[in-house]
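Chains as they are written, first to last, in our numbering: chain A, -5 to 356; chain B, -5 to 356; chain C, -5 to 356. C-beta atoms are modelled at their ideal positions from N, C-alpha and C, and glycine is treated no differently. Everything numeric in this text was worked out from a predicted model, so none of it was measured.
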């Protein structure tokens, strides 16, 4: 039972849902070089919004995040279904990466891979078109800016496309995919950086100083009974970001394996190219079910040092224990050890971080 | 079918609706003097709120805008119905202008006339009383501040009143109206300025420097079958805004004509004094209707130069093509040419701007 | 009839409510020393949120305030019921004070006692556990930070606990209670201050400069037919806040009596330790009921001068007239005279303030 029931109009053409989520995080940890030494709490997400159908072929979605007592509009789009295509206009997720296109309530760890932040997988204002079938999905879009236009600006543009292919045999679902992206930010500057393991930490690796880049990424994932695994890797070429006007070539990705101790399956949606919401066999309710328990181990890597750009090379080893009390309520425990090398002048760093999250969405 | 269905309590006395809107804008253009040279996107409105009845004679409404990742509370009021009067307490629209009292989802162009911004038709915190009949409407109110009280302030006040009168004969609806306003801002300063054609542009005309003004405005509109037209004009006297302590007399307004290519009628609500939401004969849904198509042409004028205040004289010629896919989903295309003269030292300016919008409300 | 009806899922396990409130305040007043001289309006609260059940033993609540066009997340928690205990995780009210644990829509005056602000009764991110029976309630919790984590911070902690006990005999309900609190803010600084009577005024008493304190508080209340009364008092020891490293001992509280002119009862919930929402016998609706009318008089005191800390000693005499039009719509009129002494160098001050509020919640 969906915690926020769907309202339908009498003619069945329009629908309406109130959406939202609350993620309560606690995290503690520090690094060797004194970049951060933290212990604290945060509403990692405090979302509120709606999703509806204006008529049978026009959907809309609007959600804003109030975490940290700031406003950040997330999805804000209309979507038109025309035959086998969906056209999305407004602010929505740009089509790169399996993990970025998976809702963060359904990622295996508390945070997505370091390459997600570093390479700027995010939302954009623009238009994208998606289609697919049982064994494949394709989305491409062009975007200009986000919900923060400032006066007298010529905003740059981002073009991105992703294709994925997969199949099901017996109780195995598998998926492979590729995506690419071109960005030209015009007057605005791009930077590349990533926090260590949880959202409360600070950036241990960081570089910047360009306004154009190119990215290509590959992804693969499987779900076999209670087992699952995924790997993604991306290469980014930042125009003129190295010394002497050379391009700097960065890369990053992750590989992870997980197991659901209580035997459920982590659903992999081939057409959408995203991990889905698992069905919890015995919810933790008055009947006294145990909920669903899941473990994951990930190797996460990011290299921001190349051709005179000394952002650093970062490797994290992260383990997660997740407890899905119901389909919509989840607790997570992350522990991660991070090593950083190849900073300017050969400097190195390392950190250990632990994180706890309790989240609900509706 | 309303996309956000109304919830009623068992006794029928209380009602509840979730309200909101998303307006996705794109605009490009520039002016001769280098004030702006833009190409970009913006959530012109990202509203969320509720509307309800606490009991059979007490309504409430609360909506906030999160466009630009800022918060701006819009309507936030209670309304009491006592016989033929409605008393509104809280933050609501001040009663001036046909177009200001029309929801922006139902204005003919992407933005209201330049005189709306320049003369500050807006919302205020206060109390207003409205009444009317089939052929007339009257609203008057007194307001003090908005939702931004700062400490140790004696806020000024605004008093405004509007009356309109009209009729229906055959398939013509017509309306005429007058409104007036007095403002005394106390310590705070009033300024007069307007953007060119779309919300992403900058102000080409601008003047300021007073804390009191008086306004009188006239309006007329008709809707005849698929044709419609409207004209408004306002005179404002800004106390001491000219040189040597003289009052500066500003003025502005517009005249527009439009036609609905698909034959529907643009509804004019005489009692409310506002344009309403048209009924779309053949919505753009799975049945494959064309939606409703509307064209409008507007002459828009604003004169902020008088008695030593050199805000500028601005004239815009704007055309709009609107596509109502359903009653609640609309796409708009604006093109506008703007000419500015009578700036300080006789300077002149001109701009060309194009805008696109896709909007939904619920 | 609740103005925002509850939505239930088909299996009855999940529930969903949209919540919110709008409080429109007007206030005017000034003090002798020129700290404030105000006349203005404010949305004292402009809340929006949801409350729901994810399953039969897991509740969640999320509300944010947009008053003043800022964002302030209020409740944001999950609550687990395990036998006779409720465990709340996330941001919620810390367990001190009868009045702080009463919803502000149900307090007797427009604002809570001066000691509430001064001593920082508020919400915290953490975990609390509550239990109780017909004649008692107990809640204890530990909290770290609020929804405003800043980078590289070791947040301090707050521990608080409250117990209350009471009973009903004939038409009298009574309650007594005690609570305590320890705070260690680490790098952050605590301050102690309070506004005069309404939220639009400024602080007449104020001191600061420590990061640790201890508090103990006592409370008593009764509701007898249409009469009610309450008293609370708290002692706070601010570590090192006096001169020469001495602790500064502050104290404050209030005593109030009230009477409901129309004869209803102000409900006192012993288990929750909070005033509840009265039932209005004859709502002010189309049937023409008078609503519920209530008067309250309060003596409010706060002493922030001790051991070389000269925050000031403040006494306010406040009277309130409240009109509950329905259970969810209320108008309030406050008048308060405030006297301040024991400021640095023996300075004194006094103020007179009047306030009006119209509020609705759903």
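Item: Where residue 271 of chain B meets chain A, residues with beta-carbon distance less than 8 Å; Value: Those do not exist, as residue 271 of chain B stays about 13 Å from chain A at its closest Cβ, beyond 8 Å.
Item: contact_flag[the region 89 to 105 of chain A, the region 266 to 275 of chain A] where n(CB pairs < 8 Å) is 3 or more; Value: yes
Item: Contact list for residue 141 of chain A against chain B, beta-carbon separation under 9 Å; Value: 35, 36, 37, 40, 60, 61, 62, 63
Item: Proximity of residue 237 of chain B and residue 301 of chain B at Cβ, strictly below 9 Å; Value: yes
Item: Residue range of the alpha helix (DSSP H) that includes residue 111 of chain A; Value: 108 to 112
Item: CB contact below 9 Å: residue 184 of chain C versus chain A; Value: no
Item: Chain B contact for residue 27 of chain A (CB, 9 Å cutoff); Value: no
Item: Under 9 Å (Cβ pairs) to chain B, residues found in the region 222 to 244 of chain A; Value: none
Item: Own chain residues within Cβ distance below 8 Å of residue 140 of chain A, not counting five before or after; Value: 85, 116, 117, 118, 119
Item: Contact with chain B by residue 83 of chain A, beta-carbon distance below 9 Å; Value: yes
Item: Sheet register partners of residue 0 of chain B (DSSP bridge); Value: In DSSP, residue 0 of chain B forms no bridge with anything.
Item: Beta-carbon proximity of residue 191 of chain B to residue 349 of chain B, cut-off 9 Å; Value: yes
Item: Identity of the residues DSSP links to residue 359 of chain C by a beta bridge; Value: With chain C covering -5 to 356 only, the question about residue 359 of chain C has no answer from this structure.
Item: Reduced DSSP category for residue 237 of chain C - H, G, I as helix; E, B as strand; rest coil; Value: helix
Item: Minimum Cβ-Cβ distance from residue 70 of chain A to chain B less than 9 Å; Value: yes
Item: Contact under 9 Å by Cβ, residue 104 of chain A with residue 38 of chain A; Value: yes
Item: Three CB pairs or more closer than 8 Å across the region 177 to 196 of chain B and the region 20 to 34 of chain B; Value: yes
Item: Residue closest to residue 65 of chain A, alpha-carbon to alpha-carbon, out of B:68, B:60, B:69; Value: B:60
Item: Amino acids of chain A, ordered along the chain, whose beta-carbon sits closer than 8 Å to that of residue 98 of chain B; Value: None at all; the shortest Cβ gap to chain A is about 16 Å.
Item: Proximal residues of chain B, C-beta to C-beta of residue 319 of chain C below 7 Å; Value: 52
Item: Cβ pair count under 8 Å reaching 3, the region 216 to 232 of chain B against the region 126 to 137 of chain B; Value: no
Item: Minimum Cβ-Cβ distance from residue 78 of chain B to chain C less than 9 Å; Value: no
Item: Per-residue contacts from residue 348 of chain C into chain B (C-beta, under 7 Å); Value: Those within 7 Å of residue 348 of chain C in chain B number zero; the least Cβ separation is about 14 Å.
Item: Local Cβ density within 10 Å of residue 324 of chain A, reported as buried at 16 or more and exposed below that; Value: buried
Item: Exposure of residue 273 of chain A, with buried meaning 16 or more beta-carbon neighbours within 10 Å; Value: exposed
Item: Per-residue contacts from residue 194 of chain A into chain C (C-beta, under 9 Å); Value: 143, 145, 147
Item: Cβ pair count under 8 Å reaching 3, the region 69 to 82 of chain B against the region 73 to 85 of chain A; Value: no
Item: Length-filtered (3 minimum) beta strand (DSSP E) runs lying within the region 93 to 177 of chain A; Value: 117 to 127, 130 to 137, 149 to 163
Item: Where residue 12 of chain A meets chain B, residues with beta-carbon distance less than 7 Å; Value: 12
Item: Against chain C: residues of the region 319 to 338 of chain A by CB proximity under 7 Å; Value: 319, 320, 322, 323
Item: Interface partners of residue 67 of chain B on chain C, CB under 7 Å; Value: 37, 40, 60, 63
Item: Residue 190 of chain B - DSSP class collapsed to helix/strand/coil; Value: coil
Item: Interface partners of residue 1 of chain C on chain A, CB under 7 Å; Value: -1
Item: Residue 111 of chain A versus residue 92 of chain A: straight-line alpha-carbon distance, rounded; Value: 14 Å
Item: Classification of residue 339 of chain A by the beta-carbon crowding that lies within 10 angstroms, buried from 16 upward; Value: exposed
Item: C-beta neighbour in chain A for residue 44 of chain C, strict 9 Å; Value: yes
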